[in-house]
Structure formats: C-alpha cells, structure tokens
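Sequence order for the protein chains is W and S.
Residues in the first sequence are numbered from 1 upward in steps of one, following our numbering.
Residues in the second sequence are numbered from 195 upward in steps of one, following our numbering.
Just so it is clear, CB atoms sit at the ideal spot from N, CA and C, and this is done for glycine as well.
All figures in this text were calculated on a predicted structure; none of them were measured in a lab.
Each remark here refers to the structure printed beneath this line.
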Amino acid sequence: MSAPGITEPTEAIARARAGDADAWGELYREYAPAIFRFCRRAMPTREDAEDATMEIFMKLKGKLNQYDPTRSFSAWLYKVAANHCWDILRRRRIRQDKETEDVESLPLEHPEPSQLEKLIEQRSSEEVRKALEKMGARARMALVMRYYSDMSYDEIANALGVRRAFVGVVLLRARHELRQALEGNVALAAGGAS
Amino acid sequence: MSDTGEQELRHLDEMTCLLYLERQLDRARGLEVSAHTQECETCRTLLRALERESRLLTRAMLEENEPLPSRLAQFQEKARRSMQWIWGLAFGLAATGAYALYTGYVQPWQQQLEQAGFGGSNLLNLLIFQSTFWKGWQSMITLLEILALATVGGLGVMFLRRRIRRGSALALVFAGLCAALMVPAPASAMEFRHEERLTIGKDEVIHSDLYAAGGRVRVEGTIEGDLVLAGGDVEVSGHVLGDLISTSGALRVTGHVDGSIRSYAGNLLLKGTVGRNVTVAGGDLNIDHDSKIGGSITSFAGHVSIDGSVGRDVLAMGGQVTITGNVKGSAKIRSGELIIDSSAQVGGPIDFKGDHEPQVSPGAKLASPVHFVKMRHGPDYSNVHYYTWQVIWLAAFILFGLVLFALMPRFAEEAVKSAERYGASAGLGVLVLFGVPIAACIACITVVGLFIGTSTLFVWYASLYFAQVIVGTVVGQWLMGRTSEFWPFVGRMAVGVVIVRLCTTIPHVGGWVKFVAILWGIGAMSLAIYRRFQPVLATGAPSAPAVQPLPPNTTIGGPLPA
C-alpha cells in the first residue's frame, strides 16, 4: 500500500524523526494533500476534513518515533489517519450503520448483474463522490480505507474495531448503501434475486 | 463466512464474488469460483460489475477535485509559530509563578530569619540543613542534591535527546553525578553512649561529638563537640562547646552551650547560657530569668515564655507567647495570644499577628508600639491576591504533572487506569493516607529508621499533590475521551486539574473535594504500585486458542474471468 503518485522521501522522514523542522515541512507539503483528500472522503464536511488533517499532522509529531522505517510510510500514515478519523466519527456517535450482529444477518444474494453493470457505467466520479457524502460514517469509512488508501482487511478490521471476518460484509453492505445513494433503487441495493 | 457458500446454489452469491475479487478466499474456494465463472455468464457479469464498481470508487476518490485549502497550506508555519507562543507562555507563567513564590513567601521569611540572626546564603540551607535542627540533615541534603541533579539531568536528556547522541547524554549525566558524589563529605569523630540511666560525670571530657540516649540522661561534664541527645528526661548542667541537639521528652539546660540549641518533640527549660541561637519545635519553651542567649530564638512551640535575656531577635509561632525578659532585637510573633509584662524590654519593632489584641503592660519598655494584624482564618475571597495565587498554584500543579508524566509515563498511565477502580482506590487511599505517615513517624523513633521514615514522609507529601494530578487526568479523560499519547494525555490532565482545582475552591465543600481527590488519587497510585509487584504469569502458560476465521497469507485470488 502506498500513497498514489508519491515516492517516499526516506531522507526527509529520517530527518523529521530526528526533530528537523524543515523536514517536517517537506513531509507536510508532500503528504498533506493526500491526507486531506482521505479526510475529505472519510469525514462528512469539508471543515471536518480540514480539522482532521491538521490534527493528524499534529498527532504525527508525537507518533513518528513509532514508525518502522522498514515499512511503507504512506501506508502507516493512512493507518494513523484512518484511526484518527474513525475516532472522531465514533466519538460523535454518528454511526448510522447497524452493528456487527446485524451485519452478520445480511442476505448474501447477488443483484441483477446486468442492472448493476448499467448503473456503474452510467455514473460519473462526481456522482459517486456526492453519493459517498450521503452515506453512513462506517460504510463510507470502510470504502475509503479499502479503495482510496488500499488498506488490508486486517488494518480495516483494526481501525473499525470489527472482526476481520466481517470486513467483507461491511464492505459489501457499504457498496449496497452506495448504490442506494446513487440510484435510490432499493431492490438493487438490497440484492434482487437472479 | 461466505467462503463456505452453498455448493447447491446455481449462482455465486455477491459476497463470494467480492471476496474472490479482493483475493480473500482460500485457494480451494478460489479455484471453485474461478471454475464456476468460466461457465456461468451471469456470475461473470456480476464479477465484472463488481470490479468496475471498485475501479469507479477508487477513481472517484483519487481524483484531485479539490485543491489543498489555504488554511491547511499555511497550517505548518502557523503551528510552528503557535507552539513557540505556547512555550513562551508556559515558561513565562512558570517564571512568574517562581518569582511570585519567592517574593511572596520565601523572601519575607528569609528577611525575618536574617533579622532573627540566621545569617546564610539561602533559606533552605539556613533554615533546615545548615544549623537549625539536626546535623544529620547534611547527609540528607547531599542525597537530595544528587536526586535533584539526577532529575535535572533526566529532564535535560529528555529535551536534548534529539540533538545529541544518547551515549553522550548518558555520559553527561553520569559525569555530573560522579562530580556530585566526589564532593568530599566532612569527616568528624563521634562517640555513642546508650544506657537507661546515663551520666556524664563532672570531670569527664568528651573530645568529640557525643550521641547519647537513655531514659534518664545527665550531662555534667564537658563535651568538646556537639551533643546529640535522645531520651525521656535530660539535664545538661555541664559545658557543651558545640551545638546541643535534642529529641528528648523534657530537656533542662542549666549549664553552658557555646553553640546553638536545637530541640524538638519535647519541653525545653533554659536556665543556663547559650552562645548562639535557640530553635525549638514542639512542646513548650521556658527561658528562665537567669538565662542568657547570645543569638536569637526561633520557636514553633505551644507556649513560649521569655524571662531571660535574648541577644538578638525572636521569631515565634505558637499558642501563647509571654515576654517578661529582655529582647535586644526585634520580635515577630504569630500566635493566639501575646502578653508583654511590665518587666519586659524589647529593643526592636514588634510585629504580632494573632487572634486577639496583644496584652501589653504600660510599664513595658518597648522601642515602638506593637504592630498588630488580626489573623484571618480561611481564604479571603475578596482579595485579588487569593485568585492570583490560585492561578499560580494551578500552573504549578500542571507543571508538576507534566514533569512527572514525562519522567514516569507508564506509571502515570497505570495510576490513571487504577483510579477507575473506584472502590479499590478509595479503600487503599484511606489505608495509605493515614497509615504511611504513622508508620514513617514510628520509623523515625529509631536512629536507623530516621532516614527511611523522613524519606517516606517526603514521598508521601509529594504524592498528596500527584494524587490530585491523577484525579485531574481521570476527570479530563471523562470529558475528552481516553488516549495513550503523551501530549493529549497531558492536555486531559491540564483540563482535569483546572476542574479539580476549581472544585477545591468552593467554600465549605472545597476542602472535602480536595480530601476525596487526595484519597482517591493516592489510592490509585498505591494500586498501580501494588500491581507492578504482582507476579506475572509464565509465558508458557496455556491460553485460549485464537480463532482466525480467515487467516492472513493463506488466501488466493484466482485469475479474473474474461
């Protein structure tokens, strides 16, 4: 997992770990746009995303010593960001999703494939982004972690505080919610029989 | 889970398709799905739709549709400036607090003590360690200096660790410690005597310091060094060339002491002469008509009666002070009652702070009228100084907490966690709050236990403050949520301490709030210490097997269908 389009500035990371303020500036300039985009997708409003980005970088100063330089910096950074955003959302108690127990009972049928394909083809990126904003916090968070920052199922499970076995269910449910938001087609979102 | 999907279904369910695409199925199930999709057009279409959906999601989220807001673009520089400002404020506040503390408390005391004949370089040294109570404090100050040095060194390493190599920092600290330890300690000869009825005869001369203990002690001879006494009933009618230090129940001095007398824990009756100062803590002090003191009197006794002659000043705090003799210097008295008889002579100003007006006989010869200030009990809410001091104390508490959290982060975290076990903390708090000082005082009775007892009392006293910091942190976490990171933890501590301190200033209730906070916090710390000493289970002990529904690294994604 790595930040899209970013090659890791290992030297700046090492200097920032040693307390070099300029290196911090470099890292901030390098990663702030990506982290802001992450927050923008994960948080309900633009202001929330800005606040969260600043808080993540403030937090990073204290956490940088915990970073293992043998691993990907951007992957680690996204993990910190995801944990922070989810902490904020959880604290606000705006989880609109059902809990794990409910998710477990989700029907595992597939929708009408051609109808789904048509829906996907017809929707633009802009529409998807708008639909994401309408979604529940956990569903949106799960999609952002998986399809924006490419986090593994284990990392998503840790961040969301669910068992790894349920990550797939959470993601599938999030996709259904997204389709609902895109189309408002309940039958499609809930999974119509083939 | 979905990978155990029903084989008899005609088509694959959506979950299985998603897990297959995401490479989360095990190898066998992945091959089954792959084989199925080779033949099933519907499922192949579903897989393709899901994959396109994934790509659409990624594309939508990755597109740079929004530039970085200017607020964020300028954030780094602002953060740097704001941090500088915060650090400046913190140090400014600390400096103001230290200055106010010095000018408000330390300096007036120092001046008073200097007027009372305690010349010296600093208050701590002259009041406790240099000449006031016990010469054994010299060893204590060496230890305290080393501890203080180690603390300062530790803080220095903490702040400089990013700038200098760890080895260099450690070398610096150890060099400092070695330098402190290499300071030569003064060597002195001493003699010990311990008998139930101990008498140093008239003709006997002790050429060194004498440490004497017994139920009944009589010193009629000459002691060329210091005389250190511990006993029930003690009389010194001989000649002591050094200081006389006593922890006796009753001490009578009818002889000559060239140095100073320091007595605590018992009554002192002085009929002889003292070359330098007299310091008393505890019991009553009676200066007889025939007695003569070359220096000053510093008394923290219950009743003080001065009938003899005092060469310099009197500084007295206690229940009742009666002056019928001659005081050549000034008198600073803080007590319930002050009586100045007609035979009294006081050569300097008299400052009296007490509950009642002083009773001054018209025949008394005073250099100036008594300056009386009525003592106020409890805080003066109408005085702005009260609030200033509250703010200063608050800043001091936060700084104290910050230093302790930096020095002992794990212990602080454990203590805060322990504080959430309310019952255990409160119970242990009662035990430690009252039990430890009693045990320490008992330990102080013996010579060997004196150091341990005194050190324990120091730690216990410091823990009264730390307890409030711990409770403040718990309150902060209630309000702002839990955290294990250092600065957010400190932030919660600061917020909580502000609230706790505010609650302790509420009239009538504040004292109880403080008591409960101390009880609770001290119990939490004790619980954390107790847990640390609990044995840890062996690593080989069997534990419940962990169940992994989908073990990592055992998954496989088959080839995507065409």
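For residue i, tell me which candidate among the options has the shortest Cα-Cα distance.
i: residue 394 of chain S; options: S:408, S:415, S:404, S:403; result: S:415
i: residue 62 of chain W; options: W:22, W:17, W:135; result: W:17
i: residue 614 of chain S; options: S:595, S:564, S:711, S:556; result: S:711
i: residue 803 of chain S; options: S:550, S:249, S:430, S:700; result: Because chain S spans 195 through 756 in this model, residue 803 of chain S falls outside it and cannot be assessed.
i: residue 140 of chain W; options: W:165, W:183, W:78, W:171; result: W:171
i: residue 255 of chain S; options: W:150, W:72, W:19, W:92; result: W:150
i: residue 419 of chain S; options: S:692, S:257, S:674, S:406; result: S:406
i: residue 413 of chain S; options: S:431, S:399, S:402, S:403; result: S:431
i: residue 132 of chain W; options: S:512, S:257, S:251, S:672; result: S:251
i: residue 550 of chain S; options: S:625, S:557, S:527, S:438; result: S:527
i: residue 89 of chain W; options: W:74, W:68, W:130, W:161; result: W:161
i: residue 543 of chain S; options: S:486, S:637, S:566; result: S:566
i: residue 484 of chain S; options: S:496, S:491, S:646, S:503; result: S:503
i: residue 244 of chain S; options: S:497, S:212, S:612; result: S:212
i: residue 217 of chain S; options: W:152, W:157, W:178, W:173; result: W:152
i: residue 425 of chain S; options: S:688, S:443, S:417, S:507; result: S:443
i: residue 138 of chain W; options: W:21, W:75, W:41; result: W:41
i: residue 671 of chain S; options: S:689, S:605, S:554, S:552; result: S:689
i: residue 399 of chain S; options: S:662, S:434, S:660; result: S:434
i: residue 465 of chain S; options: S:507, S:510, S:519, S:508; result: S:519
What does DSSP give as the partner residue(s) for residue i in the beta ladder?
i: residue 487 of chain S; result: S:468, S:504
i: residue 520 of chain S; result: S:503, S:539
i: residue 13 of chain W; result: The partner list for residue 13 of chain W (beta bridge, DSSP) is empty, contrary to what the question assumes.
i: residue 388 of chain S; result: S:407
i: residue 636 of chain S; result: Residue 636 of chain S pairs with nothing; no bridge assigned.
i: residue 559 of chain S; result: S:539
i: residue 494 of chain S; result: S:475
i: residue 529 of chain S; result: S:512, S:548
i: residue 566 of chain S; result: S:546
i: residue 553 of chain S; result: S:533
i: residue 480 of chain S; result: S:463, S:499
i: residue 630 of chain S; result: DSSP output for residue 630 of chain S lists no bridge partner at all.
Taking the C-alpha atoms as reference points, what is the distance between residue i and residue j?
i: residue 117 of chain W; j: residue 722 of chain S; result: 60 Å
i: residue 222 of chain S; j: residue 206 of chain S; result: 15 Å
i: residue 214 of chain S; j: residue 224 of chain S; result: 6 Å
i: residue 580 of chain S; j: residue 547 of chain S; result: 19 Å
i: residue 446 of chain S; j: residue 588 of chain S; result: 47 Å
i: residue 229 of chain S; j: residue 238 of chain S; result: 11 Å
i: residue 674 of chain S; j: residue 494 of chain S; result: 47 Å
i: residue 515 of chain S; j: residue 411 of chain S; result: 29 Å
i: residue 361 of chain S; j: residue 668 of chain S; result: Model confidence at residue 361 of chain S stands at a pLDDT of 45, short of 50, so the residue's coordinates are unreliable; what they give is reported in the following sentence. About 37 Å.
i: residue 409 of chain S; j: residue 692 of chain S; result: 52 Å
i: residue 560 of chain S; j: residue 468 of chain S; result: 24 Å
i: residue 176 of chain W; j: residue 86 of chain W; result: 21 Å
i: residue 556 of chain S; j: residue 583 of chain S; result: 41 Å
i: residue 760 of chain S; j: residue 500 of chain S; result: With chain S represented from 195 up to 756, any question about residue 760 of chain S goes unanswered, as that position is not in the structure.
i: residue 448 of chain S; j: residue 601 of chain S; result: 53 Å
i: residue 401 of chain S; j: residue 523 of chain S; result: 35 Å
i: residue 51 of chain W; j: residue 113 of chain W; result: 40 Å
i: residue 521 of chain S; j: residue 422 of chain S; result: 28 Å
i: residue 146 of chain W; j: residue 64 of chain W; result: 24 Å
i: residue 70 of chain W; j: residue 717 of chain S; result: 43 Å
i: residue 168 of chain W; j: residue 174 of chain W; result: 10 Å
i: residue 505 of chain S; j: residue 646 of chain S; result: 38 Å
i: residue 685 of chain S; j: residue 440 of chain S; result: 49 Å
i: residue 696 of chain S; j: residue 658 of chain S; result: 17 Å
i: residue 733 of chain S; j: residue 724 of chain S; result: Low per-residue confidence applies at residue 733 of chain S: pLDDT is 36, beneath 50, and the placement is therefore not dependable enough to give any value.
i: residue 111 of chain W; j: residue 208 of chain S; result: 7 Å
i: residue 609 of chain S; j: residue 619 of chain S; result: 10 Å
i: residue 190 of chain W; j: residue 219 of chain S; result: In this prediction, residue 190 of chain W scores a pLDDT of 45, lower than 50, which makes its location untrustworthy; no coordinate-derived value is stated.
i: residue 698 of chain S; j: residue 67 of chain W; result: 42 Å
i: residue 720 of chain S; j: residue 603 of chain S; result: 16 Å
i: residue 554 of chain S; j: residue 570 of chain S; result: 22 Å
Taking residue i as the query, report the chain C residues whose CB atoms sit under 9 Å from its CB, ordered along the chain.
i: residue 134 of chain W; result: The structure shown contains no chain C; its protein chains are W and S.
Is it a yes or a no for the stretch 220 to 238 of chain S touching the stretch 257 to 266 of chain S, going by three-plus beta-carbon pairs under 8 Å? No, the stretch 220 to 238 of chain S does not touch the stretch 257 to 266 of chain S.
Quick check: the stretch 653 to 660 of chain S against the stretch 25 to 40 of chain W, are at least 3 beta-carbon pairs closer than 8 Å? No contact exists between the stretch 25 to 40 of chain W and the stretch 653 to 660 of chain S.
Report the start-end ranges of each beta strand (DSSP E) in the stretch 418 to 463 of chain S that is 3 residues or longer and not cut off at the edges. Counting only unbroken stretches of 3 or more residues, the beta strand (DSSP E) elements lying wholly within the stretch 418 to 463 of chain S are 421 to 430, 438 to 440, 444 to 447, 455 to 458, in sequence order.
Could you say if the stretch 449 to 458 of chain S and the stretch 473 to 491 of chain S meet the contact criterion of at least three C-beta pairs nearer than 8 Å? Using a C-beta cut-off of 8 Å, the stretch 449 to 458 of chain S makes contact with the stretch 473 to 491 of chain S, since at least three inter-stretch Cβ pairs fall below that distance.
Assess, as a yes-or-no matter, whether the stretch 582 to 598 of chain S is touched by the stretch 625 to 637 of chain S under the definition of 3 or more beta carbon pairs within less than 8 Å. Contact annotation: the stretch 625 to 637 of chain S does not touch the stretch 582 to 598 of chain S, with fewer than three C-beta pairs closer than 8 Å.
Please specify which runs of the beta strand (DSSP E), each continuous and at least 3 residues long, are wholly inside the stretch 136 to 171 of chain W, giving them in chain order. Every candidate beta strand (DSSP E) stretch fails here, since none sits fully inside the stretch 136 to 171 of chain W while reaching 3 residues.
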